[in-house]
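Colleague:
Numbering (full-length UniProt numbering), first residue to last: 1 to 295.
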C-alpha cells in the first residue's frame, strides 16, 4: 500500500513506521523540518517537507495514497496559540485535503474527551472528528488515547527541588495513562486494515491514581509527597508562562472533568477499548532513570 503520515518521527510514529516499511509498504512521512529528511530516509521511507497548514501541499502529498494518518500537531502551547481555534482551522484543512486528494481510508489521532463537551481542551479534538466524519465514502478510524505518561515529566522539577508532586487532581482519582508504544500498536493495526465506515478505538495502557504514582516512584528510589493545588492557581501560572487564555482555561476545565472520572471515561468503558502492555510501574522506571541522570 501507499501510505502518508503526519507527525514526522514523533514518539508514536517511530514505534510503528519500521513495521510498515518492513511489511513492504510505500511510506511517505510528512515533516516540517528539512533536518528530519536523512533520518526518515534511513528508515526506508520518503520525506515530504511542508506545513500541515498548507492545504495544497497536503493534497498533493496525499494523492494516490491508500491510507493517510492524521493528527493535530505543531502546537507550541507557551507561544500563545489558541488551541481551540487552531484545531478548528487544521480540521478544515485536513477535510479539504482528504476530499480533494480522493483518499478513501483515514486514521485520525484524536483524544479521550472528544465526545464530551465538558472535557475542556480535550473536546477540541471533536472538530477534526466531525470534519472528517462529514466526508462521504471515506472510511475514518479515530483513535482516542487517554493521558500520555510523558505528561508526568512535568513533575520532575518539583520532585527535585521540593520532593513534592503538585497537582489539581485529587490523589485518589483514577486516571487513564498511555504509552506511545501502545498507541502505535493501534495505529499500525488500523493503517494496515482500516475498518469500513466511521469507527472509534480508545487506547489505555494502565489506570493509576496519584497514590499509585507515588508508590511506583518509591519502588524506584524516589520519595515524594503529593499536594493538591487549586485549579485556578495552575491556570494563572500557565497564562504567566505564555499559554493563550482560552487554552489555559480549556486545561482548567479538563482538570475539572478529570475529577469526574466516571463521566470522562464513560464512552471508553462502554467500548471494546485497547488495553496496552506498558504499565505505570514500567514508566516509573523510565522516569527514575531520567530523574537520576539529571540530579
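Yeah, the Cβ is synthetic: ideal placement off N, Cα and C, and Gly gets one too. Predicted model only: the values in this text are computed from it and were never measured.
Indicate whether residue 292 and residue 205 have their beta-carbon atoms separated by less than 8 Å.
Modeller: As a working note, residue 292 is residue 292 in the chain shown. As a working note, residue 205 is residue 205 in the chain shown. Not a contact, by the Cβ cut-off of 8 Å.
Colleague: So which of 232, 252, 277 has the shortest CA-CA distance to residue 207?
Modeller: For the purposes of this step, residue 207 is taken as residue 207 along the chain shown, with counting starting at 1. Of 232, 252, 277, the residue nearest in Cα terms is 277.
Colleague: Are the CB atoms of residue 145 and residue 112 nearer to each other than 8 Å?
Modeller: Position 145 of the chain shown, counted from the start, is the residue given in the question as residue 145. Position 112 of the chain shown, counted from the start, is the residue given in the question as residue 112. Cβ atoms of residue 145 and residue 112: closer than 8 Å.
Colleague: In the structure shown, what three-state DSSP assignment does residue 273 receive?
Modeller: By 1-based counting over the chain shown, the position of residue 273 is 273. Coil.
Colleague: Can you tell me which of 29, 236, 260 puts its alpha carbon nearest to the alpha carbon of residue 10?
Modeller: As a first step, residue 10 must be located in the chain shown, where it is residue number 10. For residue 10, the nearest C-alpha among the options comes from 29.
Colleague: Below 8 Å between beta carbons: does that hold for residue 92 and residue 141?
Modeller: By one-based count along the chain shown, residue 92 stands at place 92. By one-based count along the chain shown, residue 141 stands at place 141. Cβ distance not < 8 Å, so residue 92 and residue 141 don't count as in contact.
Colleague: Can the beta-carbon of residue 254 be found less than 8 Å from the beta-carbon of residue 109?
Modeller: Against the chain shown, residue 254 aligns to sequence position 254. Against the chain shown, residue 109 aligns to sequence position 109. Not in contact: residue 254 and residue 109 (Cβ atoms no closer than 8 Å).
Colleague: Under a three-way DSSP split, which group does residue 126 fall into?
Modeller: Along the chain shown, read from residue 1 onward, the residue named residue 126 stands at position 126. Three-state DSSP puts residue 126 in a helix.
Colleague: So is residue 6 buried or exposed if we call it buried at 16+ other beta carbons inside 10 Å?
Modeller: As a working mapping, residue 6 is identified with position 6 in the chain shown. So residue 6 ends up on the buried side.
Colleague: Run the CB neighbour count on residue 240, radius 10 Å, all protein chains shown included, and call it buried at 16 or more, exposed below.
Modeller: Here the question's residue 240 lines up with position 240 in the chain shown. Answer is exposed; the Cβ neighbour count stays below 16.
Colleague: Is the CB-CB distance between residue 55 and residue 96 below 8 Å?
Modeller: In the chain shown, residue 55 corresponds to position 55, counting from 1. In the chain shown, residue 96 corresponds to position 96, counting from 1. A contact, by the Cβ cut-off of 8 Å.
Colleague: Do residue 52 and residue 106 count as a contact pair if the criterion is CB distance below 8 Å?
Modeller: On the chain shown, position 106 is the one that residue 106 refers to. On the chain shown, position 52 is the one that residue 52 refers to. Cβ atoms of residue 106 and residue 52: not closer than 8 Å.
Colleague: The alpha helix (DSSP H) spanning residue 55 covers which residue range?
Modeller: Locating residue 55 in the chain shown gives position 55, counting from the first residue. Unbroken alpha helix (DSSP H) run through residue 55: 55-62.
Colleague: If the criterion is Cβ atoms closer than 8 Å, does the pair residue 163 and residue 119 meet it?
Modeller: Position 163 of the chain shown, counted from the start, is the residue given in the question as residue 163. Position 119 of the chain shown, counted from the start, is the residue given in the question as residue 119. Taking 8 Å as the Cβ cut-off, residue 163 and residue 119 do not qualify as a contacting pair.
Colleague: Are at least three pairs of beta-carbons, each pair with one atom in the stretch 208-224 and one in the stretch 166-183, less than 8 Å apart?
Modeller: Cβ pair count under 8 Å is three or more, so yes.
Colleague: State the start and end residues of the unbroken alpha helix (DSSP H) segment that holds residue 165.
Modeller: Counted from its first residue, the chain shown places residue 165 at position 165. That residue, residue 165, is in no alpha helix (DSSP H); its beta strand (DSSP E) goes 164-167.
Colleague: Does the beta-carbon distance from residue 288 to residue 220 come in below 8 Å?
Modeller: To locate residue 288, count along the chain shown from 1; it is residue 288. To locate residue 220, count along the chain shown from 1; it is residue 220. It is a contact, given that the beta carbons lie within the stated cut-off.
Colleague: If I follow the unbroken alpha helix (DSSP H) through residue 141, where does it start and stop?
Modeller: Working through the chain shown from its first residue, we reach residue 141 at position 141. First-last for residue 141: 139-145, but that is the beta strand (DSSP E), not the alpha helix (DSSP H).
Colleague: Would you report the Cα separation of residue 34 and residue 199, rounded to the nearest angstrom?
Modeller: As a working note, residue 34 is residue 34 in the chain shown. As a working note, residue 199 is residue 199 in the chain shown. Taking the straight line joining both Cα atoms gives about 34 Å.
Colleague: Given a threshold of 16 other Cβ atoms within 10 Å of its Cβ, counted over all protein chains shown, does residue 155 qualify as buried or as exposed?
Modeller: Here residue 155 corresponds to residue number 155 of the chain shown, with the count starting at 1. When all chains shown are included, residue 155 counts as buried.
Colleague: Give the range of the alpha helix (DSSP H) segment to which residue 250 is assigned.
Modeller: Locating residue 250 in the chain shown gives position 250, where the first residue counts as 1. Note, residue 250: alpha helix (DSSP H), 245-259.
Colleague: Between the C-alpha atoms of residue 72 and residue 86, what's the straight-line distance to the nearest angstrom?
Modeller: Taking the first residue of the chain shown as 1, we reach residue 72 at position 72. Taking the first residue of the chain shown as 1, we reach residue 86 at position 86. Rounded to whole angstroms, residue 72 to residue 86 spans 9 Å at the Cα level.
Colleague: Compute the Euclidean distance between the alpha carbons of residue 222 and residue 237, then round it to the nearest angstrom.
Modeller: Along the chain shown, one-based indexing puts residue 222 at 222. Along the chain shown, one-based indexing puts residue 237 at 237. Cα-Cα distance, rounded: 26 Å.
Colleague: Between which residues of its own chain and residue 115 is the CB-CB distance below 6 Å, once the five residues before and five after are set aside?
Modeller: By 1-based counting over the chain shown, the position of residue 115 is 115. The residues are 267.
Colleague: If residue 75 and residue 184 are in contact, beta carbons under 8 Å, what's the gap, nearest whole angstrom?
Modeller: Your numbering for residue 75 matches position 75 in the chain shown. Your numbering for residue 184 matches position 184 in the chain shown. The Cβ separation is near 21 Å, so there is no contact.
Colleague: Give the DSSP bridge partners of residue 199, in chain order.
Modeller: In the chain shown, counting from the first residue as 1, residue 199 sits at position 199. Looking at the DSSP assignment, residue 199 forms a beta bridge with 141.
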